[in-house]
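Novice:
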Amino acid sequence: MLAYVVRRLFATIVVMAVVAFVVFLLLYLTPGDPAAILAGDAATSEDIRKIREKLGLDDPFLERFGQWLWRLLHGDLGVSIFTNLPVTHLIAQRVEPTLSLTFCTLVISILVAVPLGVVAAARAGSWMDRAVMAFSVGGFSVPVFVLAYILILVFSIELEWLPVQGYRPISEGVWEWARHLVLPSAALGTVYIALIARITRASMLDVLAQDYVRTAQAKGLAPGGILIGHALKNAAVPIATVIGIGVALLIGGAIVTETVFALPGIGRLTVDAILRRDYPIIQGVVLIFSGTYVLINLAVDLSYMFFDPRIRY
Amino acid sequence: MRRNLRWFAGIALVAVAAAPWSATLAQQKVLKFIPQADLRILDPIATTAYITRNHGYMVYDTLFAINEKFEVKPQMVDKHEVSKDGLTYTFTLRDGLKFHDGQPVKSADCIASIERWAKRDALGQKLSEATESWKAVNDKTFTLKLKTPFPLTLDALAKPSSNVPFIMPERIAKTDAFKNIDDPTGSGPFKMVKSEWVPGNKVVYVKNTDYVPRKEAPSWASGGKVVKVDRVEWIYIPDSATAAAALNAGEADIWEQMPPDLIPLLSKNKQVVVKNIDPLGSMGMIRFNFLHPPFNNEKIRQAVLYAVDQNDYVIGIAGDKKNGKPCYSYFTCGTPLSSEVSAEPLKGKRNFEKAKQLLKEGGYKGEKVVIIDATDQPIVHSQSLLTLENLKKIGMNAEIQAGDWGTLITRRAVKEPNDKGGWNIFHTWLVGPDMVNPAVNFPIRGTGEKAWFGWPSDPKMEELREAWFKAKTPAESKAAADAVQKRAFEFVPIIPTGQFILPTAYRTNITGLIIAPINLLWNVEKK
Numbered sequence: 220m221l222a223y224v225v226r227r228l229f230a231t232i233v234v235m236a237v238v239a240f241v242v243f244l245l246l247y248l249t250p251g252d253p254a255a256i257l258a259g260d261a262a263t264s265e266d267i268r269k270i271r272e273k274l275g276l277d278d279p280f281l282e283r284f285g286q287w288l289w290r291l292l293h294g295d296l297g298v299s300i301f302t303n304l305p306v307t308h309l310i311a312q313r314v315e316p317t318l319s320l321t322f323c324t325l326v327i328s329i330l331v332a333v334p335l336g337v338v339a340a341a342r343a344g345s346w347m348d349r350a351v352m353a354f355s356v357g358g359f360s361v362p363v364f365v366l367a368y369i370l371i372l373v374f375s376i377e378l379e380w381l382p383v384q385g386y387r388p389i390s391e392g393v394w395e396w397a398r399h400l401v402l403p404s405a406a407l408g409t410v411y412i413a414l415i416a417r418i419t420r421a422s423m424l425d426v427l428a429q430d431y432v433r434t435a436q437a438k439g440l441a442p443g444g445i446l447i448g449h450a451l452k453n454a455a456v457p458i459a460t461v462i463g464i465g466v467a468l469l470i471g472g473a474i475v476t477e478t479v480f481a482l483p484g485i486g487r488l489t490v491d492a493i494l495r496r497d498y499p500i501i502q503g504v505v506l507i508f509s510g511t512y513v514l515i516n517l518a519v520d521l522s523y524m525f526f527d528p529r530i531r532y
Numbered sequence: 005m006r007r008n009l010r011w012f013a014g015i016a017l018v019a020v021a022a023a024p025w026s027a028t029l030a031q032q033k034v035l036k037f038i039p040q041a042d043l044r045i046l047d048p049i050a051t052t053a054y055i056t057r058n059h060g061y062m063v064y065d066t067l068f069a070i071n072e073k074f075e076v077k078p079q080m081v082d083k084h085e086v087s088k089d090g091l092t093y094t095f096t097l098r099d100g101l102k103f104h105d106g107q108p109v110k111s112a113d114c115i116a117s118i119e120r121w122a123k124r125d126a127l128g129q130k131l132s133e134a135t136e137s138w139k140a141v142n143d144k145t146f147t148l149k150l151k152t153p154f155p156l157t158l159d160a161l162a163k164p165s166s167n168v169p170f171i172m173p174e175r176i177a178k179t180d181a182f183k184n185i186d187d188p189t190g191s192g193p194f195k196m197v198k199s200e201w202v203p204g205n206k207v208v209y210v211k212n213t214d215y216v217p218r219k220e221a222p223s224w225a226s227g228g229k230v231v232k233v234d235r236v237e238w239i240y241i242p243d244s245a246t247a248a249a250a251l252n253a254g255e256a257d258i259w260e261q262m263p264p265d266l267i268p269l270l271s272k273n274k275q276v277v278v279k280n281i282d283p284l285g286s287m288g289m290i291r292f293n294f295l296h297p298p299f300n301n302e303k304i305r306q307a308v309l310y311a312v313d314q315n316d317y318v319i320g321i322a323g324d325k326k327n328g329k330p331c332y333s334y335f336t337c338g339t340p341l342s343s344e345v346s347a348e349p350l351k352g353k354r355n356f357e358k359a360k361q362l363l364k365e366g367g368y369k370g371e372k373v374v375i376i377d378a379t380d381q382p383i384v385h386s387q388s389l390l391t392l393e394n395l396k397k398i399g400m401n402a403e404i405q406a407g408d409w410g411t412l413i414t415r416r417a418v419k420e421p422n423d424k425g426g427w428n429i430f431h432t433w434l435v436g437p438d439m440v441n442p443a444v445n446f447p448i449r450g451t452g453e454k455a456w457f458g459w460p461s462d463p464k465m466e467e468l469r470e471a472w473f474k475a476k477t478p479a480e481s482k483a484a485a486d487a488v489q490k491r492a493f494e495f496v497p498i499i500p501t502g503q504f505i506l507p508t509a510y511r512t513n514i515t516g517l518i519i520a521p522i523n524l525l526w527n528v529e530k531k
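Top line first, the protein sequences correspond to chains Z and C. All residue numbers for the first sequence refer to our numbering, where the first residue is 220 and numbers rise by one. All residue numbers for the second sequence refer to our numbering, where the first residue is 5 and numbers rise by one.
1) How many Å lie between Gly358/Z and Ile241/C at the Cα?
2) Which residues in the same chain have their Cβ closer than 8 Å to the Cβ of Val81/C, if we skip the five residues on either side of it in sequence?
3) Can you check DSSP and say which residues form a bridge with Leu434/C?
4) Which complete alpha helix (DSSP H) runs does the stretch 69-98 of chain C hold, if anything under 4 residues is left out?
5) Using the three-state DSSP reduction, which class does Gln150/C fall into: helix, strand or coil?
6) Taking the alpha-carbon positions, what's the Asp462/C to Ala402/C distance?
7) Can you check whether the CB of Ala249/C is closer than 8 Å to the CB of Ser375/Z?
8) Quick check: the stretch 157-167 of chain C against the stretch 100-111 of chain C, are at least 3 beta-carbon pairs closer than 8 Å?
9) To the nearest angstrom, how far is the alpha carbon of Asp520/Z from that of Ile369/Z?
10) Identify the contact partners of Leu494/Z in chain C, using a Cβ-Cβ distance below 8 Å as the criterion.
11) First and last residue of the alpha helix (DSSP H) that includes Ile418/Z?
12) Compare the C-beta of Phe335/C against all C-beta atoms of chain Z and say whether one is closer than 8 Å.
13) Below 7 Å on C-beta distance, what does Gly204/C contact in chain Z?
14) With 8 Å as the threshold, decide whether the Cβ of Val383/Z is near any Cβ in chain C.
15) Are the C-beta atoms of Val504/Z and some chain C residue less than 8 Å apart?
16) Could you give the residue range of the beta strand (DSSP E) that holds Met196/C?
17) If we ignore side chains and look at the alpha-carbon of each, how far apart do Ala322/C and Ser386/C end up?
18) Roughly how many angstroms lie between the CA atoms of Lys77/C and Trp224/C, to the nearest whole one?
19) Closer than 8 Å by beta-carbon distance: list the chain Z residues that pair up with Pro242/C, in chain order.
20) Verify the CB distance criterion: does Leu309/Z have a CB-CB separation below 8 Å to chain C?
21) Around the Cβ of Gln314/C, are there at least 16 other Cβ atoms within 10 angstroms (buried) or fewer (exposed)?
22) Is it a yes or a no for the stretch 434-449 of chain C touching the stretch 276-290 of chain C, going by three-plus beta-carbon pairs under 8 Å?
23) My guess is that Arg469/C and Val488/C are in contact by the Cβ rule of under 8 Å, so how many angstroms apart are they, rounded?
24) Taking Cβ positions only, does Arg227/Z come closer than 8 Å to chain C?
25) Any C-beta of chain C within less than 7 Å: which residues of the stretch 222-250 of chain Z qualify?
26) Should Trp259/C go down as buried or exposed, given a rule of 16 or more other Cβ atoms within 10 Å for buried?
27) How about the stretch 370-386 of chain C and the stretch 407-421 of chain C: do they share at least three Cβ pairs that are nearer than 8 Å?
28) Mind pulling the chain Z residues with CB within less than 8 Å of Glu255/C?
29) Check each residue of the stretch 310-328 of chain Z: if its Cβ is closer than 7 Å to any Cβ of chain C, include it; give the result in chain order.
30) Using the beta-carbon count (16 or more within 10 Å), is Trp25/C buried or exposed?
31) In the stretch 185-244 of chain C, which residue ranges form an unbroken beta strand (DSSP E) of at least 3 residues, counting only runs that do not cross its ends?
32) Taking only the alpha-carbon atoms, compute the straight-line gap between Thr51/C and Arg268/Z and give it to the nearest angstrom.
33) Can you tell which of Pro483/Z, Leu320/Z, Leu335/Z and Leu506/Z has its C-alpha closest to the C-alpha of Asn205/C?
34) State the start and end residues of the unbroken alpha helix (DSSP H) segment that holds Asn315/C.
35) Quick check: what's the CA-CA separation for Lys33/C versus Asn58/C?
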């Protein structure tokens with residue numbers, strides 16, 4: 220297994236190198252000039268030319284890529300063109316909100332979705348199964364921002380239970396931290412719950428039709444024990460795969476949620492950087508995303524051994 | 005289990021450690037302000053972005069400032085003298101001026117700051133042309149020697165909008181004017197807490213307890229800058245529906261500029277006031293590319309004048325006539341130089357037949373007109389749609405090429421024809437103070453390659469502008485400005501599309517908001 224992990228980690232470096240080059244090339248080819256944005260609406264062409272010169276934006280592609288790569292090898296992701304703050308600092312500022320949102324969404328989603336999927340499978344064809352599937356279809360269909368506004372209207376404006384927007388670091392108190400994450404996690408988690416519930420149900424239905432489940436039932440084991448101890452464990456591989464992919468999507472894809480709830484996460488950092496062509500931030504974030512994504516997939520692959528002892532690397 | 009206990013103990017410790025800090029913050033008067041945009045650039049000289057200008061007013065001070073009567077008033081300056089020949093200005097600074105790092109404000113700081121500003125600002129460059137030297141007499145007194153009289157010297161030093169001649173410490177002001185500074189040390193009424201700055205989310209300022217306000221009442225950016233809160237937090241909320249909800253729920257105190265479609269929603273809340281506190285508003289405009297057909301032809305530009313109905317643009321931008329009005333002037337309506345001289349082509353019932361006739365006279369051959377649009381900027385987007393409709397009505401072959409604002413402002417710098425990535429029309433807007441006179445109104449300038457995007461070349465306009473600079477009395481100034489406007493309606497460097505205001509919304513416990521064309525946060529009280 221160790222050899223497999225080392226091989227995969229090596230592959231991660233190769234993937235990140237390819238991503239770094241492709242992203243740099245794409246940004247080079249994409250229309251947009253940070254110097255023009257930095258100078259402001261009233262600037263002249265001459266002002267922009269001078270700013271481009273100062274920022275080194277007119278340097279040849281390979282020279283710029285080489286400089287960036289050299290700094291990267293020294294652990295320096297560069298400095299934002301606009302704020303003059305180091306990219307590592309800007310990403311570090313955004314990691315906690317994003318990880319918090321991801322963690323809360325994941326916990327809520329797994330705690331809700333897996334039992335729903337198991338119950339739906341155990342009572343396949345019943346009203347409970349149909350209700351879970353209806354919820355699932357609804358969860359997929361309602362856009363996150365619509366759900367977010369509804370939650371804000373009900374829980375923040377009408378009931379005044381929870382804040383509308385913003386994020387409080389955990390260092391300012393667990394209660395405030397959690398209060399600010401309930402609505403974003405609920406809004407973001409609904410799609411995720413729908414997805415995991417459906418996969419759980421499908422996977423469980425498949426397993427419940429297996430001979431060993433029938434044998435367990437014939438032996439007189441308790442239905443709960445069969446469902447959890449035998450069926451769910453064997454149905455877990457596809458569920459873990461979906462959760463793993465979902466974690467990566469949550470880290471990078473919570474942009475709408477972060478925008479609606481004004482959470483200063485990595486998703487918004489990326490979108491803002493793209494809109495203003497802040498190349499060092501885009502390059503830094505994409506590089507870190509790609510590394511994270513590969514590592515999460517590695518963790519998911521390794522988790523299969525836990526769920527299914529037949530899998531060996 | 006033991007591991008879980010450790011985890012909970014850790015969280016509890018963090019919470020307990022943070023408690024005193026939270027309690028201190030709770031005792032402070034904190035003003036939560038939703039700004040119009042995200043603050044990304046700290047240098048008000050490196051950019052003309054209004055959000056950076058507003059940040060500048062928080063942390064910096066100015067030598068002079070304009071009041072609501074458009075009079076120049078001393079601000080950091082205690083007294084000043086002008087020699088009889090108008091060639092030497094002597095300035096003496098007020099007592100007690102200090103930068104946020106504790107250093108006193110000295111003449112050298114003021115000179116370095118003005119010199120850096122003058123390298124970037126058009127009016128500053130004009131002042132530079134007339135300047136022989138700046139000299140420090142002592143730490144508190146400095147002189148400006150001119151080569152030729154420049155009657156607008158004090159107006160330049162009191163310029164209210166981008167770029168504002170803010171005073172910075174000499175060590176910072178010595179930075180190249182084209183390099184973006186990141187040290188927000190100023191001598192203004194607020195200090196920026198840079199360690200708490202989260203770009204895209206929050207900017208924190210605290211009261212500068214060392215600041216010595218003037219005794220006069222505040223009027224625009226002049227007068228006493230008395231800070232009545234301990235801390236100001238700019239909370240950037242990109243989604244306007246969320247911003248409205250945050251104000252409704254009391255999570256924010258002031259929303260600087262709200263979109264008009266949310267006015268009915270907020271007006272229902274008795275705890276919220278929606279008010280126009282900007283007396284000058286902003287001016288929308290159509291800008292042509294003068295390098296390529298068809299708008300390199302004066303007749304064809306004039307044709308568009310007859311097709312534009314400012315009433316439509318005001319509704320398109322501001323949603324309601326209450327938040328805007330037509331302004332048939334190249335100078336901000338409601339200011340001394342605005343007038344309707346020669347404005348007939350833009351006023352009254354639209355004359356599409358006249359427009360078509362001018363197109364014919366101009367030899368329009370159906371060339372494609374590319375309007376570059378930014379769909380992420382509602383003010384730009386609504387104007388683009390209206391202009392497309394108007395051009396089609398008069399028989400022009402127009403199309404919109406949409407992108408985001410970042411793409412638009414990059415593409416508008418392209419001088420190639422529209423089939424090679426160029427353009428023919430873009431739209432934007434300027435705040436009222438940026439169009440009050442020929443000195444600051446840069447879109448009307450005709451300096452060709454050196455002019456603003458579109459690059460019009462109009463030596464006659466430049467001559468008339470020069471004549472305005474030389475005016476010695478208000479009457480002469482008005483007459484010269486009228487001549488500039490007359491020329492503008494002939495040459496059509498831009499087409500003004502109306503004057504609009506995006507209202508400010510605030511909670512009823514907020515008082516003391518200054519009525520001014522810039523959102524200023526001193527004098528604001530939270531009860």
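A virtual CB, placed ideally from N, CA and C, is assigned to each residue, including glycine.
Specialist: In short, the structure shows the following:
1) Straight-line Cα distance between these residues: approximately 26 Å.
2) Leaving aside the five residues that flank Val81/C on each side, the residues in its chain whose CB is nearer than 8 Å to its CB run, in chain order, Leu67, Phe68, Phe95, Thr96, Leu97 and Arg98.
3) Looking at the DSSP assignment, Leu434/C forms a beta bridge with Met287/C.
4) The qualifying runs do not exist here; there are none.
5) What sits at residue 150/C in the sequence shown is Leu, not Gln. When secondary structure is reduced to three states using DSSP, Leu150/C falls in the strand class.
6) Taking the straight line from one Cα to the other gives about 26 Å.
7) Yes, the Cβ-Cβ distance between Ser375/Z and Ala249/C is below 8 Å.
8) Under the Cβ criterion (8 Å, minimum of three pairs), the stretch 100-111 of chain C does not count as touching the stretch 157-167 of chain C.
9) Our two residues, Asp520/Z and Ile369/Z, have alpha carbons roughly 38 Å apart in a direct line.
10) Close to Leu494/Z, with beta-carbon spacing below 8 Å, are these residues of chain C in chain order: Asp380, Asp408, Trp409 and Gly410.
11) Start and end: Val393 to Leu427.
12) No, Phe335/C lies away from the interface with chain Z (no Cβ there is under 8 Å from its Cβ).
13) Near Gly204/C (Cβ distances below 7 Å), the residues of chain Z are Pro483, Arg487, Leu488 and Asp491.
14) Closer than 8 Å: yes.
15) False, the Cβ-Cβ gap to chain C never drops below 8 Å.
16) Phe194 to Met196 is the span of the beta strand (DSSP E), which, as asked, contains Met196/C.
17) Inter-residue distance for Ala322/C and Ser386/C is about 10 Å (C-alpha atoms, whole angstroms).
18) Computed Cα separation, rounded: 11 Å.
19) Those are Thr478, Ala481 and Arg487, listed as they occur along chain Z.
20) In terms of beta-carbon proximity, Leu309/Z lines the interface with chain C, with at least one pair separated by less than 8 Å.
21) Buried is the call here.
22) Because the criterion of three Cβ pairs below 8 Å is met, the stretch 434-449 of chain C and the stretch 276-290 of chain C touch.
23) About 6 Å separates the two Cβ atoms, so the contact holds.
24) Answer no: the Cβ-Cβ gap between Arg227/Z and chain C never drops below 8 Å.
25) Within the stretch 222-250 of chain Z, the qualifying residues are Pro250.
26) By the 16-neighbour rule on beta-carbons within 10 angstroms, Trp259/C is buried.
27) By the C-beta criterion, the stretch 370-386 of chain C is judged to be in contact with the stretch 407-421 of chain C, since at least 3 inter-stretch pairs fall below 8 Å.
28) Listed along chain Z, the residues sitting closer than 8 Å to Glu255/C by beta-carbon distance are Pro382, Val383, Gln384 and Gly385.
29) Result list: Gln312.
30) Summary for Trp25/C: the model assigns pLDDT 49, below 50, so the residue's position carries little reliability; its value from the coordinates is reported in the next sentence. Trp25/C is classed as exposed because its beta carbon has fewer than 16 other beta carbons within 10 Å across all chains shown.
31) Counting whole runs of 3 or more residues, the stretch 185-244 of chain C contains the beta strand (DSSP E) stretches 194-196, 206-211 and 235-239.
32) In a straight line, the C-alpha of Thr51/C is about 14 Å away from that of Arg268/Z.
33) Closest option to Asn205/C, Cα to Cα, is Pro483/Z.
34) Element bounds for Asn315/C: Gln314 to Ala322.
35) Those two C-alpha atoms are separated by around 21 Å.
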